[in-house]
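> So the sequence shown is numbered by our numbering: it starts at 8 and just counts up by one.
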Amino acid sequence: MNEDDLMKVKVCFIGDAGVGKTSLIKRFVLDVFDDRYIATIGTKVTKKIVEVQEPGSNVKVMMLVWDIMGQKGFRELLREAYFFGAHGAIAVCDLTNKESLEELRYWIKALTDVAGDVPIVFAGNKADMENERVVKDAEIEELAAKYKSKAFMTSAKTGQNVEPLFKALGVAIADKMGSK
């Protein structure tokens, strides 16, 4: 790739309803947090450019971030349209909800059935709610390792690890696309 290339990629957020997918996206794109919960209906696409360092160049990755409703029925109904053409994904679980971590396996299967072997980065969200936490770092890291990936403990509320989460996915996508 040449210096300052712009790479346009589709990034899907996956995970159950209420884990904080929309809040992470808002924190990343707009640097805001709103603690009022409004369920995502359908799909919303937002874009932001991330700069990643690659050997010999600075690559700009324009992420078209697809946010979807996390209801389980969605996985089966609209997954083809949502996941088709995805270059990568951020898999989000809620650190205060153990089931949301277990459900990620099903979301990942739905994604890979349609998009194939794409980079996935994991977010254990709501890290600011330490007193209510039931998911350990090691549990998320173990799942991420299964997919040869990274895990970040994030907080959309405080901004903890939000930028590094997206940058890690940008690097993984650039590496994969650059190796083709």
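Just so it is clear, CB atoms sit at the ideal spot from N, CA and C, and this is done for glycine as well.
Rounded to a whole number of angstroms, what is the C-alpha to C-alpha distance between Phe173 and Arg140?
Straight-line Cα distance between these residues: approximately 23 Å.
> Measuring CB to CB, does Val36 end up less than 9 Å from Lys15?
It is not a contact, given that the beta carbons lie outside the stated cut-off.
> DSSP puts Asn132 in a beta bridge; with which residues?
BP columns for Asn132 point to Asp101.
> Just reading off the alpha helix (DSSP H) that Ala163 is part of, what are its end residues?
Unbroken run through Ala163: none, as it is neither H nor E.
> Between the region 85-93 and the region 64-71, can you find at least three pairs of beta-carbon atoms closer than 8 Å?
Judged by Cβ distances under 8 Å, the region 64-71 makes no contact with the region 85-93, as fewer than three pairs qualify.
> Where do the ends of the alpha helix (DSSP H) carrying Ser30 lie?
First-last of the alpha helix (DSSP H) with Ser30: Lys28 to Leu37.
> Any chance the region 148-155 sits against the region 164-171, with 3 or more Cβ pairs inside 8 Å?
Contact fails: fewer than three Cβ-Cβ distances are below 8 Å.
> In three-state terms, what does DSSP make of Ala96?
Correct three-state label for Ala96: strand.
> Need the endpoints of the alpha helix (DSSP H) that Val178 sits in, please.
Segment Val169 to Gly185, the alpha helix (DSSP H) holding Val178.
> Determine the DSSP secondary structure at Asp23, reduced to helix, strand or coil.
Reduced to three states, the DSSP call for Asp23 is coil.
> Among Asp124, Gly166, Val128 and Asp182, which residue has its Cα nearest to the Cα of Ala98?
With distances taken between Cα atoms, Ala98 lies closest to Val128.
> Using C-beta distances below 8 Å, list every residue in its chain close to Tyr44, excluding the 5 sequence neighbours before and after it, in chain order.
Note on Tyr44: pLDDT 48, under 50, position unreliable in the model; the coordinate value appears next. Excluding positions up to five away in sequence, the list reads Gly25.
> Around the C-beta of Glu137, are 16 or more other C-beta atoms found within 10 angstroms, so that it is buried, or is it exposed?
So Glu137 ends up on the exposed side.
> Helix, strand or coil for Val125 per DSSP?
In this structure, Val125 counts as coil in the three-state DSSP scheme.
> Have a look at Gly185 and Glu106 and give me their C-alpha separation to the nearest angstrom.
Going by the C-alpha atoms only, they are around 36 Å apart.
> So which of Gly92, Lys133, Ser162 and Arg34 has the shortest CA-CA distance to Val18?
If we check each option's Cα against that of Val18, Gly92 comes out closest.
> How big is the Cα-Cα spacing for His94 and Gly27?
Distance between the alpha carbons of His94 and Gly27 is about 21 Å.
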